[in-house]
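Top line first, the protein sequences correspond to chains D and E. The numbers in the working numbering rise by one with no breaks, and the one at position 22 of the first sequence is 25. The numbers in the working numbering rise by one with no breaks, and the one at position 277 of the second sequence is 674.
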Amino acid sequence: MLKPLLHGLQVTLKHFFKKPITLQYPDEKWVPPERFRGRLALLCDDNGEPLCVACGLCEKICPCDCITVVPTTGVDGRRMLERYTIDLLSCCFCGLCVEACPLNAITMGDEYELAGFHKEEFVLDSDVLRVTFQNETCRTTPEIR
Amino acid sequence: MYADLVWHLFEIIIIFSVVMGLVAYLTLMERRFLGFFQLRLGPNRVGPMGLLQPIADGLKLFFKEDMIVLHARPFYFVLAPFISFMAVALCFAVVPFSGTTYIADIPTGVLYLMAVSSGGVYGILLGGWSSNNKYSTLGAYRAAAQMISYEIPLALALAGILILSGSFSLVEIVNSQDGMWNIIKQPLGLVIYAVCVLAETNRTPFDFMECENELVAGYQTEYSSMKFGMFYMAEYAHILLASCLITVFYLGGWYGPVLPAYVWFFLKVFLVVFLFIWIRATFPRLRYDQLMALSWKVLLPLSFLNLIATALWIVVV
């Protein structure tokens, strides 16, 4: 009966001298995995224009109804994006919108530190969402089909 | 004569402040070391390595709402934590920190210790009963029963020490360990004493009374702010007292080769406190009936055995 007790003590003593596994956030941050579904990002081409053509497929597939896409006609007569709004308070980060996009114009980035103080801060506009290719918050370079 | 009195008063203030400081940092040490045992860091944000954490805790307790439950008996409700704390703080008066550093060395030191530390039971009973809450009362009754039933093997283990050293005074007991520490002469006594003192201070594996997941907080449920702080401090002061007493009775007090006396004393106390925290990090807690069975069916006969063996040894050898 005494041996298991002593064995238990030995195990905890061994743990005492091991390095703790605590990650001291915010000094040390965890690197998200490759396919991490963080905040949405609108991909832009080299000129800074979003690749999105405002087809609205992501808006229709979103199960939370948090995306709003406003199309308009550009100077060259082609359909382009006027405003792309996402409500982070409703978004469930499922990634269906990314799968639905026919141009791979949107992706889910690495950002997870999304806290805010007011409700209005959580409705994000296209200026906040856009990222260029090879940006740090967007890991992969999608191909244009 | 007055100079003497003033000097003694000064000595009391110094020793009491040092002890209270140690108690506060004992809480930090426990949380850090428990963390290391559990492969995590304890509090290390407040101040370098968390050294200001006890001060932050104290301030937090001051700022909490201090309430007296509506149908409680207010006088006893406020009195209970003070009784608990006084019972422990008074015991520090006879603990010798080195050959010359102590507040008092009375010739009946051990008797004084046993008597005054038993007063802690009153604090718990009063706290539970005056909360006017069935569950607190029941928790208090069980805590009191636990404490008094573990005091008997404690006293009997001490009786073995008393036989060996021939005196009740703590300084004499330490001085009698000059050549050989009592741990070698009384190994069973040390084990019994350590287990009993773990149960007296309501430490794991005997902390049924204050485990958060089973009884809310037992007799401490209705206490908030500084009254809870007093119970908390009383518990940690009791742990420190128990470690000091184990050092005095079994580990040779302040004796050691090279370093000064009080350094050895605090080193040994630190080791015993580390052992207490180590035990808390390792063992699950005992069920209440297992706890009582351990005291009455195992520790009491063992302590009698220890006493008889020591007495026979003294007579025969």
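Built from N, CA and C at the ideal position, the CB exists for glycine as well.
*Identify, in the order they occur along the chain, each residue of the same chain with its Cβ nearer than 6 Å to the Cβ of D/Leu84, setting aside the five sequence neighbours on each side.*
Taking the first sequence and counting its residues from 1, the one referred to as residue 84 of chain D is at position 81. Closer than 6 Å at Cβ, skipping near neighbours: Pro53, Cys55 and Ala57.
*Consult DSSP for D/Leu127 and reduce its assignment to one of helix, strand or coil.*
For the purposes of this step, residue 127 of chain D is taken as residue 124 along the first sequence, with counting starting at 1. In this structure, D/Leu127 counts as strand in the three-state DSSP scheme.
*Taking 7 Å as the CB-CB cut-off, is E/Leu351 touching chain D?*
Residue numbering for chain E in the displayed model covers 398 to 714; residue 351 of chain E lies beyond these limits and cannot be assessed.
*Taking 7 Å as the cut-off, decide whether the C-beta atoms of D/Arg42 and D/Gly112 are in contact.*
As a first step, residue 42 of chain D is located in the first sequence; it is residue number 39 there, counting from the start. As a first step, residue 112 of chain D is located in the first sequence; it is residue number 109 there, counting from the start. Yes, these two residues count as a Cβ contact at 7 Å.
*asked:* Need the endpoints of the beta strand (DSSP E) that D/Leu45 sits in, please.
replied: Numbered from its first residue, the first sequence carries residue 45 of chain D at position 42. It spans Leu43 to Cys47 - the beta strand (DSSP E) in which D/Leu45 sits, taken as one unbroken run.
_Members of the region 82-104 of chain D near chain E, C-beta cut-off 9 Å_ = none
_Spatial distance of E/Val712 from E/Ile560 (CA atoms)_ = Position 315 of the second sequence holds residue 712 of chain E. Position 163 of the second sequence holds residue 560 of chain E. If you draw a straight line from the Cα of E/Val712 to the Cα of E/Ile560, it is about 11 Å long.
*Output the distance between the C-alpha atoms of E/Ile410 and E/Leu642, rounded to the nearest integer angstrom.*
Working through the second sequence from its first residue, we reach residue 410 of chain E at position 13. Working through the second sequence from its first residue, we reach residue 642 of chain E at position 245. Going from the Cα of E/Ile410 to the Cα of E/Leu642 covers about 21 Å.
*From the beta carbon of D/Thr25, is the nearest beta carbon of chain E less than 7 Å away?*
Here residue 25 of chain D corresponds to residue number 22 of the first sequence, with the count starting at 1. Closer than 7 Å to some Cβ of chain E, the Cβ of D/Thr25 qualifies, so yes.
_Let me check understanding here. Comparing Cα to Cα, which of E/Ser700, E/Asn579, E/Val655 and E/Glu462 lies closest to E/Val645?_
To locate residue 645 of chain E, count along the second sequence from 1; it is residue 248. Nearest of E/Ser700, E/Asn579, E/Val655 and E/Glu462 to E/Val645, Cα basis: E/Asn579.
*Would a check of beta-carbon distances place D/Phe120 closer than 7 Å to chain E?*
As a working mapping, residue 120 of chain D is identified with position 117 in the first sequence. Cβ-Cβ to chain E under 7 Å: no for D/Phe120.
*Hey, which unbroken runs of the beta strand (DSSP E) at 3 residues or more fall wholly within the region 18-100 of chain D?*
43-47, 70-76 and 82-90
_Please state the DSSP three-state secondary structure of D/Thr15._
In the first sequence, residue 15 of chain D corresponds to position 12, counting from 1. Helix, per DSSP.
*Which class does D/Arg133 belong to by DSSP, given the choice of helix, strand or coil?*
Counting from 1 along the first sequence, the entry for residue 133 of chain D is found at position 130. Three-state result, D/Arg133: strand.
*What alpha helix (DSSP H) runs, 4 residues minimum, are completely inside the region 642-707 of chain E?*
658-679 and 685-690
*Among D/Ile64, D/Tyr87 and D/Cys65, the one whose alpha carbon lies nearest that of D/Val75*: Translated into positions along the first sequence, residue 75 of chain D becomes position 72. Note on residue identity: the sequence assigns Thr, not Val, to residue 75 of chain D. When D/Ile64, D/Tyr87 and D/Cys65 are compared, the shortest CA-CA separation from D/Thr75 is found for D/Tyr87.
*Please determine, among D/Glu114, D/Ile64, D/Arg133 and D/Asp68, the residue with the shortest C-alpha to C-alpha distance to D/Pro36.*
Numbered from its first residue, the first sequence carries residue 36 of chain D at position 33. Ranking D/Glu114, D/Ile64, D/Arg133 and D/Asp68 by Cα distance to D/Pro36 puts D/Glu114 first.
*List the DSSP bridge partners of E/Met464.*
As a working mapping, residue 464 of chain E is identified with position 67 in the second sequence. Beta-bridge partners of E/Met464 (DSSP): none assigned.
*Would E/His635 pass as a contact of E/Thr598 if the rule is Cβ separation under 7 Å?*
As a first step, residue 635 of chain E is located in the second sequence; it is residue number 238 there, counting from the start. As a first step, residue 598 of chain E is located in the second sequence; it is residue number 201 there, counting from the start. Yes, these two residues count as a Cβ contact at 7 Å.
*Spatial neighbours of E/Ile589 in its chain, beta-carbon cut-off 7 Å, leaving aside the 5 residues before and after*: Sequence index remark: in the second sequence, residue 589 of chain E carries index 192 (1-based). Hits under 7 Å: Pro550, Ala554, Leu696, Leu699, Ser700 and Asn703.
*Can you pull the chain D residues whose beta carbon is under 9 Å from the beta carbon of E/Trp675, in chain order?*
Reading the second sequence from its first residue, position 278 is the one you call residue 675 of chain E. Result: Leu12, Thr15, Leu16 and Phe19.
*Within the 7 Å Cβ cut-off, does E/Ala678 reach chain D?*
The sequence position of residue 678 of chain E within the second sequence is 281, counting from 1. So, interface residue.
_Contact set between E/Gly586 and chain D, taken where Cβ atoms lie within less than 7 Å_ = Position 189 of the second sequence holds residue 586 of chain E. Under the 7 Å cutoff, chain D gives no residues; its nearest Cβ is about 17 Å from E/Gly586.
*Along the region 423-435 of chain E, what residues have a CB closer than 8 Å to any CB found in chain D?*
Of all residues in the region 423-435 of chain E, the ones placed with a Cβ closer than 8 Å to any Cβ belonging to chain D are Phe430, Gly432, Phe433, Phe434 and Gln435, in chain order.
*Kindly indicate the opening and closing residues of the alpha helix (DSSP H) around E/Met544.*
For this step, residue 544 of chain E is matched to residue 147 along the second sequence. E/Met544 -> alpha helix (DSSP H) spans Lys531 to Ser562.
*E/Val568 and E/Pro493: beta carbons closer than 7 Å?*
On the second sequence, residue 568 of chain E is found 171 positions in, with the first residue counted as 1. On the second sequence, residue 493 of chain E is found 96 positions in, with the first residue counted as 1. It is a contact, given that the beta carbons lie within the stated cut-off.
_Assuming the contact rule is C-beta atoms closer than 8 Å, E/Ser514 and E/Gly525 should be a hit. Round their C-beta distance to whole Å, please._
Numbered from its first residue, the second sequence carries residue 514 of chain E at position 117. Numbered from its first residue, the second sequence carries residue 525 of chain E at position 128. With a Cβ gap of about 19 Å, E/Ser514 and E/Gly525 do not count as contacting.
*Is it true that the CB of E/Ser566 sits closer than 7 Å to the CB of E/Gly506?*
As a working mapping, residue 506 of chain E is identified with position 109 in the second sequence. As a working mapping, residue 566 of chain E is identified with position 169 in the second sequence. Their beta carbons are under 7 Å apart, which means E/Gly506 touches E/Ser566 by this criterion.
*asked:* Between D/Glu62, D/Asp79, D/Gln13 and D/Leu132, which has its C-alpha nearest D/Val73's C-alpha?
replied: Here residue 73 of chain D refers to the residue found at position 70 of the first sequence. Proximity to D/Val73 across D/Glu62, D/Asp79, D/Gln13 and D/Leu132 peaks at D/Glu62, based on C-alpha coordinates.
*Starting from the Cα of E/Ala490, find the closest Cα among E/Ile558, E/Phe430 and E/His405 and give me that residue.*
For this step, residue 490 of chain E is matched to residue 93 along the second sequence. Per the Cα distances, E/His405.
_Bridge partner(s) assigned by DSSP for D/Met111_ = Within the first sequence, numbered from 1, the residue matching residue 111 of chain D stands at position 108. D/Leu43.
*asked:* If you measure between the beta carbons of E/Val660 and E/Ser640, is that distance less than 7 Å?
replied: Here residue 660 of chain E refers to the residue found at position 263 of the second sequence. Here residue 640 of chain E refers to the residue found at position 243 of the second sequence. Taking 7 Å as the Cβ cut-off, E/Val660 and E/Ser640 do not qualify as a contacting pair.
_Cβ neighbours of E/Val420 in the same chain (closer than 8 Å, five flanking residues each side left out)_ = Sequence index remark: in the second sequence, residue 420 of chain E carries index 23 (1-based). Answer for E/Val420: Met630, Tyr633, Ala634 and Leu637, listed in chain order.
*asked:* Suppose you measure from the CA of D/Leu127 to the CA of D/Pro29; what does that come to, to the nearest Å?
replied: For the purposes of this step, residue 127 of chain D is taken as residue 124 along the first sequence, with counting starting at 1. For the purposes of this step, residue 29 of chain D is taken as residue 26 along the first sequence, with counting starting at 1. Answer to the nearest angstrom: the Cα atoms are 24 Å apart.
*Per-residue DSSP class, three states only, for E/Phe482*: For the purposes of this step, residue 482 of chain E is taken as residue 85 along the second sequence, with counting starting at 1. Look at E/Phe482 here: in three-state DSSP terms it is helix.
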